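**Student:**
There are 2 protein chains.
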Amino acid sequence: MTQRKHSVSAFFRSLALLALLAVGAPAQAQTDPLPSWSDGAAKKAIVEFVQATTTQGSPKFVPTAERIATFDQDGTLWVEHPMYSQVMYCLERVPAVVKAKPELANVEPFKTVMSGNREAIAKLPMQDLEKLLAATLSGMSVDTFKAEVGKWLDTARDPRWKRPYTELTYLPMQEVLKYLRDNGYKTYIVTGGGQDFVRVYAEKTYGIPPEQVVGSAGGTKYGYDKSGKPFLTKEPKLLLNDNNAGKPEGIHLMIGRRPYAAFGNSPGDQQMLEYTGAGDGARLMMLVLHDDAKREYAYGPATGLPATKVGAFTQQLYDEAKKKGWTVISMKNDWKKIFAFE
Amino acid sequence: MTQRKHSVSAFFRSLALLALLAVGAPAQAQTDPLPSWSDGAAKKAIVEFVQATTTQGSPKFVPTAERIATFDQDGTLWVEHPMYSQVMYCLERVPAVVKAKPELANVEPFKTVMSGNREAIAKLPMQDLEKLLAATLSGMSVDTFKAEVGKWLDTARDPRWKRPYTELTYLPMQEVLKYLRDNGYKTYIVTGGGQDFVRVYAEKTYGIPPEQVVGSAGGTKYGYDKSGKPFLTKEPKLLLNDNNAGKPEGIHLMIGRRPYAAFGNSPGDQQMLEYTGAGDGARLMMLVLHDDAKREYAYGPATGLPATKVGAFTQQLYDEAKKKGWTVISMKNDWKKIFAFE
């Protein structure tokens, strides 16, 4: 019996060894994890960071449980020009809101939006925009909201590429997300956009589950329908404005750990990068610079063009990056390919 | 070449098959995942739920990404009598607060707490308790808070067992956490207690990382120290009161998915269990009943004793559980062992 046990156990030991070899084999033939990136400082910074923090015995090794990487969304993971997709959603929802409440047709800002006059819409003051956000993003159950956003995403098209917004993600950034995850990092979106809005598509679009999406978040109210079934209603009350200082505050609230890597593209991301960089050990802070007018857009410093309303990567942010040693990603020079569909 | 490729690929295929067999082998010899549970309705409900939701081809199969289980903490995962550990922390922090601000020594409620008169302390009105919470849980950096709670936990002892609070977790519930995780569930704490407080020990005590602790949460404020290094200060502003309706609201805010399983022990957990139960497919709702005066405590229904201030498992909740088909866990009958140290 003992003899037989030994040989069985020896058999399984050999098997385990062989299995290890089998797993090891593809690793030797490992292909470039970032094929859409040109060789350069940006790609090098990412690869060196991953190697330093995930190689056993490295002085900057980070235990798997602590491997957190945060990504801004609009302008960092996908196109934000000419307007945030969520703002497009709000504007396109207005007819349905007015249909449900016809008395709004002659009330501002609904009247202007219904007129279709783009110039006038672009000039709406912030408080009018807030009214639109409140009317289109709250006052319904979280399930209804999710279904409506899902339906909109299926049909809405970006005005330039005539494609669903969810196809306008940057292939090089998708590679970074995957590369980090393959190396034990939990990838989070930390967006100024609406948390519930981004959660609708983040899993399918980026492989990022709802619980790893941190965004500007409103309150909800728990209640019951006529049959006694409980549901949550979206309230117009803002709990977290996930921009600027709100990003590290939101990270503390929702994650409770300081990230080791953070990616952004605008002054709204500056505090997240500062907060990340203030930690010990290896930290990776990167900013996407939109300097490719031909393949995407060019705005902000190093482009000769002024920062625009959205994604205003300013000269001040650029200077800050240089001073703090953050790595600026040039879309034009660092990315061989911008979209998967190219 | 082709021939050789084929034989190599055939070799790896056989290897994969053998490896599967090897992985399958220990499964046959699988031991009881819940050894501290007596056979009965409660244990059966847990095992059947896990089998129904994780067996491929089961009509109630749940994809891994959606497997979320939420646990109340005080009274569900560990002892809450005679007082929540966090309240003990606040009371024990008062001398340090008064030392830093001597003018508080003659101001209520600090004066009463400093007197050490337990009866008077127990009678402090809610607004006084809130003053204590604000003074001991906010106004410092999140790092200082974490360090202070950690230091306190190392030395504080439960008055009955004379052991660190972190040893007073229920072994059967630790087994449930592990069993669910081994079956692809993400386990969350959803506590009325302070989120930052529980996060200090949840990873070490339960294997639950900070990002999977949802609790009552205050705001933080981002700022810079003299050297320009950024840090977060805990503010007295309450963002989420994670009790009652606040539990499903907090789950939506922090997780964004409805749980498949939820465990609680008091009316503060009722809405979380309702919300969980309102989902489709298999759902598991369980309530821990404290009916073991000898090994732990007995309070609430089925004990003949009135519900106490803490963890008031009421007759109303008990009736609700019966009506909705939630499973009540009797500590006395369902748990062979309560603590690991027994």
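Chains as they are written, first to last, in the working numbering: chain A, 1 to 342; chain B, 1001 to 1342. Built from N, CA and C at the ideal position, the CB exists for glycine as well. Predicted, not measured: the structure shown is a model, and the values here were computed from it.
#1: Report the three-state DSSP secondary structure of A:W161 (helix, strand or coil).
#2: According to a CB-to-CB cut-off of less than 7 Å, which residues of the stretch 1240 to 1271 of chain B neighbour chain A?
#3: Just mark B:T1187 as buried or exposed, buried being the case when its beta carbon has 16 or more other beta carbons within 10 Å.
#4: At the 8 Å Cβ level, is A:K353 part of the contact set with chain B, yes or no?
#5: State yes or no: is the beta carbon of A:M1 nearer than 8 Å to at least one beta carbon in chain B?
#6: Quick one: does B:L1232 have its CB under 8 Å from some CB of chain A?
#7: State whether the stretch 1180 to 1196 of chain B contacts the stretch 1230 to 1243 of chain B, with contact taken as three or more CB pairs (one from each stretch) at a distance under 8 Å.
#8: Which chain A residues are close to B:R1199, counting only those with a beta carbon under 8 Å from its beta carbon?
#9: Short of 9 Å Cβ to Cβ, which residues in the stretch 104 to 127 of chain A face chain B?
#10: Since A:V142 meets chain B, which of its residues come closer than 7 Å, beta carbon to beta carbon?
#11: Just to check my reading of the structure: A:A217 and B:L1238 have Cβ atoms closer than 8 Å, yes? What is that Cβ distance to the nearest angstrom?
#12: Could one say the Cβ of A:P274 lies closer than 8 Å to chain B's Cβ atoms, at least one of them?
#13: Helix or strand or just coil, what does DSSP make of A:F110?
#14: From the DSSP output, which residues share a beta bridge with B:I1189?
#15: If you follow the alpha helix (DSSP H) that B:F1145 is part of, which residue opens it and which one closes it?
#16: I need the straight-line Cα distance from B:F1339 to A:K234, nearest angstrom please.
#17: Please report the straight-line C-alpha distance between A:L343 and A:K111, rounded to a whole angstrom.
#18: Within 10 angstroms of the Cβ of A:M173, are there 16 or more other Cβ atoms? Answer buried if so, exposed if not.
#19: Measure the C-alpha to C-alpha separation of A:S36 and A:Y179 and round it to an integer number of angstroms.
#20: In whole angstroms, give me the CA-to-CA distance for A:V138 and A:P236.
#21: Using a C-beta to C-beta distance shorter than 7 Å, which residues of chain B count as neighbours of A:Y185?
#22: I'd like to know whether the C-beta of B:E1342 is nearer than 8 Å to at least one C-beta of chain A.
#23: At a CB-CB cut-off below 7 Å, which residues of chain A make contact with B:Y1206?
#24: Does the distance from the CB of A:P230 to the CB of B:E1274 come in under 8 Å?
#25: Beta-carbon of A:T166 versus every beta-carbon of chain B: anything under 8 Å?
#26: For A:D280, which of A:N117, A:K162 and A:P59 has the nearest alpha-carbon?
#27: Using the Cβ count rule (16 or more neighbours within 10 Å means buried), how would you classify B:R1157?
#28: Comparing the C-beta of B:G1325 with each C-beta of chain A, is any distance below 8 Å?
#29: Going by DSSP, what residue range makes up the beta strand (DSSP E) through B:S1330?
#30: Please name the residue in B:M1140, B:L1232, B:P1109 and B:D1072 whose C-alpha comes closest to that of B:G1268.
#31: Closer than 7 Å, Cβ to Cβ, to anything on chain B: give me those residues from the stretch 276 to 288 of chain A, in chain order.
#32: Relative to the alpha-carbon of A:E148, which residue among A:Y89, A:K99, A:Y185 and A:V98 has its alpha-carbon at the smallest distance?
#33: Using 8 Å as the limit for Cβ to Cβ distance, is A:V213 near chain B?
#34: Against chain B, does A:P209 count as a neighbour if the rule is that its beta carbon must be under 8 Å from one of theirs?
#35: Cα-Cα, which of A:E342, A:K131 and A:N117 is closest to A:V107?
#36: Since A:K229 sits in a beta bridge, which residues does DSSP pair it with?
**Tutor:** According to the data block:
#1: Assigned with DSSP and collapsed to three states, A:W161 falls in coil, not helix or strand.
#2: Listed in sequence order: A1245, P1248, E1249, H1252, L1253, M1254, I1255, G1256, R1257 and Q1271.
#3: It counts as buried.
#4: The displayed coordinates of chain A run from 1 to 342. Any statement about residue 353 of chain A would go beyond what the structure contains.
#5: Confidence at A:M1 is low in this model, with a pLDDT of 40, below 50, so its placement is unreliable and the value that follows should be read with caution. Chain B contact via Cβ: absent.
#6: Yes, contact with chain A.
#7: With contact defined as three or more Cβ pairs closer than 8 Å, the stretch 1180 to 1196 of chain B and the stretch 1230 to 1243 of chain B are in contact.
#8: Going along chain A in sequence order, the residues near B:R1199 (Cβ under 8 Å) are G256.
#9: The residues in question: there are none.
#10: For A:V142, the chain B residues whose Cβ falls inside 7 Å of its Cβ are H1252, in order along the chain.
#11: Not confirmed; about 15 Å, so no contact.
#12: According to the sequence displayed, residue 274 of chain A carries Glu and not Pro. For A:E274, the closest Cβ of chain B is nearer than 8 Å.
#13: A:F110 carries a helical assignment under DSSP once its states are collapsed to helix, strand and coil.
#14: B:F1071 and B:V1213.
#15: Segment V1142 to T1155, the alpha helix (DSSP H) holding B:F1145.
#16: If you take the alpha carbons of B:F1339 and A:K234, they lie about 42 Å apart.
#17: Given that chain A is displayed from residue 1 to residue 342, the structure contains no residue 343 of chain A and the question cannot be resolved.
#18: Looking at its Cβ environment, which holds 16 or more other Cβ atoms inside 10 Å, A:M173 is buried.
#19: If you draw a straight line from the Cα of A:S36 to the Cα of A:Y179, it is about 12 Å long.
#20: In the sequence on display, residue 138 of chain A carries Ser and not Val. Computed Cα separation, rounded: 6 Å.
#21: Taking a Cβ-Cβ threshold of 7 Å, none of the residues of chain B is close to A:Y185; the smallest such distance is about 13 Å.
#22: Taking Cβ atoms only, chain A never reaches closer than 8 Å to B:E1342, which makes this a no.
#23: Close partners of B:Y1206 in chain A (Cβ separation under 7 Å) are lacking, with about 13 Å as the shortest Cβ gap.
#24: A contact, by the Cβ cut-off of 8 Å.
#25: With 8 Å as the cut-off, A:T166 does not count as an interface residue toward chain B.
#26: That would be A:P59, whose Cα lies nearest to the Cα of A:D280.
#27: Burial is judged here by how many other beta carbons sit within 10 angstroms of a residue's own beta carbon; B:R1157 has fewer than 16 and is exposed.
#28: Under the Cβ distance rule, B:G1325 does not count among the residues neighbouring chain A, no pair being separated by less than 8 Å.
#29: First-last of the beta strand (DSSP E) with B:S1330: T1327 to S1330.
#30: Out of B:M1140, B:L1232, B:P1109 and B:D1072, the CA that lies nearest to the CA of B:G1268 is found in B:D1072.
#31: Legend: CB atoms of the stretch 276 to 288 of chain A lying less than 7 Å from CB atoms of chain B belong to residues A278.
#32: Per the Cα distances, A:Y89.
#33: Closer than 8 Å to some Cβ of chain B, the Cβ of A:V213 qualifies, so yes.
#34: Yes - at least one Cβ of chain B is within 8 Å of the one on A:P209.
#35: When only C-alpha atoms are compared, the closest one is A:K131.
#36: Beta-bridge pairing links A:K229 to no other residue.
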